[in-house]
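K.L.:
Here's a structure for you.
Number of protein chains: 2
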Amino acid sequence: MTRRLPLWKCLRGTVCRRAMITQIDEILILLSASDTFNKLNIGRTLKESLNKMLPSILDTAAKNSRSVRVYVMTAFGCPYTGKISIEDIVQLLLKLSYMGASEVVLVDSTGMANPRSVQSTLRILLDLQLDINLAVHFHNTRGAAIANCVAAYDAGVRIFDTSLGGMSATPYGVSELDIGCWNVPTEDLVHLFEEMGVKTGVDLEKLLDCVRLAEQMAGMHLPGHLLRAGRSSQIVGIPKHLERHQIMDKKIGGVLKTASMLIFKSADVYFVYTLQFQSFLDLFEHGLFSLIVWSVHQAEPAGDAEGLQSVVLVLDQDR
Amino acid sequence: MTRRLPLWKCLRGTVCRRAMITQIDEILILLSASDTFNKLNIGRTLKESLNKMLPSILDTAAKNSRSVRVYVMTAFGCPYTGKISIEDIVQLLLKLSYMGASEVVLVDSTGMANPRSVQSTLRILLDLQLDINLAVHFHNTRGAAIANCVAAYDAGVRIFDTSLGGMSATPYGVSELDIGCWNVPTEDLVHLFEEMGVKTGVDLEKLLDCVRLAEQMAGMHLPGHLLRAGRSSQIVGIPKHLERHQIMDKKIGGVLKTASMLIFKSADVYFVYTLQFQSFLDLFEHGLFSLIVWSVHQAEPAGDAEGLQSVVLVLDQDR
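Chains as they are written, first to last, in our numbering: chain A, 223 to 541; chain B, 223 to 541.
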């Protein structure tokens, strides 16, 4: 188990040297590709972070054989200043590599990345063939985090930051989304990768136990899907309510022989389109349903048709 | 505006002929690539659907210049029987094309698709170069729907079924997910495509108005992200709470000059790692915080260090 020490707020060589007397294996450092974001989150300009703080930390870590993982926030865009140029990211990665960072994490702090920008950025960075690990850390602020992970995998990245159920407590710089559960759910990504034929080495059942525990501790459903959906390779039995529908369908089928109906269902609710008012009455009077909505749509009458009636029926639970 | 008539439950030529006297433009038909799923949802074997029901419907539609859109459910896997072979899908598409369907929608009914299976399936189908539109309809049962849309786009598909905010009322054949909001949120996909440089022709602001209305009608938050996250290209102002942190950070910075702390923050909560008990007391006694948790982690003491203390502090709102 690697012991990690986050130096989020206090990028100082003295603090790092002090940490060296503990058994910490890796130092974690936050930077931002955006100077504005860096100032707001780290309290220093990016230049100060790079030129004054990092060298002594990386030097101390190297002398004590500890590795350093650098998080580059807003690598795919800054909510306060907009796009980050690929040239800036390349320069940053070259500097960090030269200074001896062992791993750089490209963080999409406010969910501004998309599969195209992810692929183009990562292909350029990986083409540099630097002796440094490249990882990605996507936030699902706009629903694209999993798609971005797939794009990053296709570009050649093999290290992905995720969290159980998608938990996080990151402020996002988006007015209505200051704190949220927007990380990539570990279980969803592991399952997807395995389905894609990418071996992860993760025991999915044990992972789901952890997610279950995390939800218990959080006291709420986390955004990850897999805990409730289950593996897609898991063949399931036919649900009872569908079996019941089979019986109901036969009864309704009998009614339909004498009525003119177009009907489709969703669980216990039947949506019925009928071309004749009488045929609707036939069905309703047969007593299989409780009516809830009638004549939602009324198509323009044409020819001798009475117009298209649409009704929504709910199965009477007692029948 | 195209008027569409769903023939979900009642695949009968007589019903279709009756519809021809209305001004319906397109007939929608449901099938399943899985015979078991077809029997459960349509009440017929797939063979019966294909050989008995569809020919007369497609014939009637063709004679009256109406188009037919066929939904192929479980195209990427059946929850009751497992994988669907690509040969079966190819045969089905060839039949539907030969019979005159204008559009076939591959439906991932229970979210079993992944970007690899989507790309391989669609590339084979598109290589057939049939005179038929190919569309996709993904469910986000396992969190991969948006990634699957991107894969389908990359394979050459240009027609995507989505819904406002991701609304749906589909039963999924997954025990804990019988009814849910698992469609692809239109606004999330439109935004992502536009960000990827794919022009959709959709007015995103008007679309978000519709999503807002849909949420009002549903009386709850729908799973789409964009309504609350906003466009990623939209530069936002620096949130007030971050400005406040700037002031607090200066005060805390003053304290830190005399204490030995590693500190990082998340909104109003400060996480503090300290190597010396005294330095924690210095900070706490300065009175900027209300303490909530102290000594969460206790690293193994090494050398002359007193061990690594970890505390979680909450900003005192009154200061």
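Quick reminder that beta carbons are idealized off the backbone N, C-alpha and C, glycines included.
Any C-beta of chain B sitting closer than 8 angstroms to the C-beta of A:Glu-398?
P.N.:
For A:Glu-398, the pLDDT reaches just 48, beneath the cut-off of 50, and the residue's location in the model is therefore unreliable, although a value from the coordinates is still provided. Yes, its Cβ sits closer than 8 angstroms to a Cβ of chain B.
K.L.:
Suppose you measure from the CA of A:Arg-345 to the CA of A:Gly-378; what does that come to, to the nearest Å?
P.N.:
One C-alpha to the other measures close to 8 angstroms.
K.L.:
Starting from the C-beta of A:Thr-408, find all residues in its chain whose C-beta is less than 7 angstroms away, skip the five residues before and the five after it, and write them out in chain order.
P.N.:
Answer for A:Thr-408: Thr-384, Ser-385, Leu-386, Leu-429, listed in chain order.
K.L.:
Per DSSP, which residues does B:Gly-304 bridge with? Please list them.
P.N.:
B:Cys-300, per the DSSP bridge assignment.
K.L.:
Going by beta carbon distance, what residues of the same chain come within less than 8 angstroms of B:Val-179, once the five residues before and after it are set aside?
P.N.:
Chain B is shown from 223 up to 541; residue 179 of chain B falls before or after that span and cannot be answered.
K.L.:
Counting contacts by CB-CB distance shorter than 8 angstroms, is B:Arg-239 in contact with chain A?
P.N.:
Closer than 8 angstroms: no.
K.L.:
Buried or exposed: which applies to A:Asp-257, given that a residue is buried once 16 or more other Cβ atoms fall within 10 Å of its Cβ?
P.N.:
The residue is buried, with at least 16 neighbouring Cβ atoms inside 10 Å.
K.L.:
If you draw a straight line from the alpha carbon of A:Val-327 to that of A:Ala-367, how long is it in whole angstroms?
P.N.:
Looking at the two C-alpha atoms, the distance is approximately 15 angstroms.
K.L.:
What separation, rounded to the nearest whole angstrom, lies between the Cα atoms of B:Arg-450 and B:Lys-274?
P.N.:
So the alpha carbons of these two residues sit roughly 48 angstroms apart.
K.L.:
List, in order along the chain, the chain B residues whose C-beta lies closer than 9 angstroms to that of A:Tyr-302?
P.N.:
The answer, in chain order, is Ile-457, Val-458, Gly-459, Ile-460.
K.L.:
Unbroken beta strand (DSSP E) runs of length 3 or more, entirely within the stretch 253 to 335 of chain A: which are they?
P.N.:
With a minimum length of 3 residues, the continuous beta strand (DSSP E) runs that stay inside the stretch 253 to 335 of chain A are 289 to 295, 325 to 330.
K.L.:
To which residues does DSSP link A:His-361 through a beta bridge?
P.N.:
Answer is A:Asn-405.
K.L.:
Using the Cβ count rule (16 or more neighbours within 10 Å means buried), how would you classify B:Ser-271?
P.N.:
When all chains shown are included, B:Ser-271 counts as buried.
K.L.:
Can you find a C-beta in chain A that's less than 8 angstroms from the C-beta of B:Ile-346?
P.N.:
Output row for B:Ile-346: interface = no.
K.L.:
Check whether the stretch 304 to 322 of chain B and the stretch 276 to 295 of chain B are in contact - that is, three or more C-beta pairs closer than 8 angstroms.
P.N.:
As far as the Cβ criterion goes, the stretch 304 to 322 of chain B touches the stretch 276 to 295 of chain B, which means the pair count is three or higher.
K.L.:
Distance, Cα to Cα, B:Thr-303 vs A:Ile-457?
P.N.:
Their Cα atoms are separated by approximately 6 angstroms.
K.L.:
Compute the distance between the beta-carbons of B:Gly-365 and B:Gly-446, then report whether it is under 8 angstroms.
P.N.:
Against a cut-off of 8 angstroms, the Cβ pair of B:Gly-446 and B:Gly-365 comes out as no contact.
K.L.:
Could you tell me the alpha carbon to alpha carbon distance between A:Arg-338 and A:Arg-226, rounded to whole angstroms?
P.N.:
Their Cα atoms are separated by approximately 32 angstroms.
K.L.:
Quick one: using the 10 Å Cβ neighbour count with 16 as the cut-off for buried, is B:Ser-331 buried or exposed?
P.N.:
Its Cβ being crowded by 16 or more others within 10 Å, B:Ser-331 is buried.
K.L.:
Under 9 angstroms between beta-carbons, which chain A residues line up against B:Pro-407? List them in chain order, please.
P.N.:
Chain A residues near B:Pro-407: Gly-365.
K.L.:
Taking the DSSP output, what are the residues bridged to B:Leu-356?
P.N.:
Partner(s): B:Val-326.
K.L.:
Near A:Cys-238, what residues of its chain come up, given a Cβ to Cβ distance below 8 angstroms and the 5 sequence neighbours on each side ignored?
P.N.:
Excluding residues within five positions, the ones whose Cβ falls inside 8 angstroms are Leu-229, Ile-249, Ser-278, Ile-279, Thr-282, Ala-283.
K.L.:
Taking B:Glu-417 as the query, report the chain A residues whose CB atoms sit under 7 angstroms from its CB, ordered along the chain.
P.N.:
The answer, in chain order, is Asn-336.
K.L.:
Measure the C-alpha to C-alpha separation of A:Thr-422 and A:Leu-414 and round it to an integer number of angstroms.
P.N.:
Computed Cα separation, rounded: 10 angstroms.
K.L.:
Cβ atoms of A:Asn-370 and A:Val-340: under 8 angstroms apart, would you say?
P.N.:
Yes; because the gap between Cβ atoms is below 8 angstroms, this pair is in contact.
K.L.:
Per DSSP, B:Arg-226 forms a beta bridge with which residues?
P.N.:
DSSP, once it has assigned bridges, lists B:Glu-248 as partnering B:Arg-226.
K.L.:
Tell me the rounded alpha-carbon separation between A:Phe-298 and A:Asn-260.
P.N.:
Roughly 14 angstroms between the two C-alpha positions.
K.L.:
Verify the CB distance criterion: does B:His-413 have a CB-CB separation below 8 angstroms to chain A?
P.N.:
Interface residue, yes.
K.L.:
Assuming A:Gln-341 is part of the alpha helix (DSSP H), what are its boundary residues?
P.N.:
Per DSSP, A:Gln-341 belongs to the alpha helix (DSSP H) from 337 to 349.
K.L.:
Taking the alpha helix (DSSP H) that A:Ile-368 falls in, what are its first and last residues?
P.N.:
Looking at the DSSP string, the run of the alpha helix (DSSP H) that includes A:Ile-368 is 367 to 377.
K.L.:
Could you check which residue in B:Arg-291, B:Ala-335, B:Leu-352 has the C-alpha nearest to that of B:Val-312?
P.N.:
The shortest Cα separation from B:Val-312 among B:Arg-291, B:Ala-335, B:Leu-352 belongs to B:Leu-352.
K.L.:
Can you tell me the Cα-Cα spacing of B:Asn-405 and B:Val-358, whole angstroms?
P.N.:
Roughly 11 angstroms between the two C-alpha positions.
K.L.:
Could you compute how far the alpha carbon of A:Asp-349 sits from the alpha carbon of B:Arg-291?
P.N.:
Looking at the two C-alpha atoms, the distance is approximately 45 angstroms.
K.L.:
Among A:Glu-417, A:Ile-243, A:Ala-436, A:Thr-296, which one has its Cα closest to the Cα of A:Ser-287?
P.N.:
Comparing Cα positions, the closest option is A:Ile-243.
K.L.:
Using the C-alpha atoms, what's the distance from A:Glu-427 back to B:Asp-268?
P.N.:
Residue 268 of chain B is actually Leu in this sequence, not Asp. If you take the alpha carbons of B:Leu-268 and A:Glu-427, they lie about 35 angstroms apart.
K.L.:
Name the chain B residues whose beta carbon is nearer than 7 angstroms to that of A:Gly-299?
P.N.:
Within 7 angstroms Cβ-Cβ: Ser-454.
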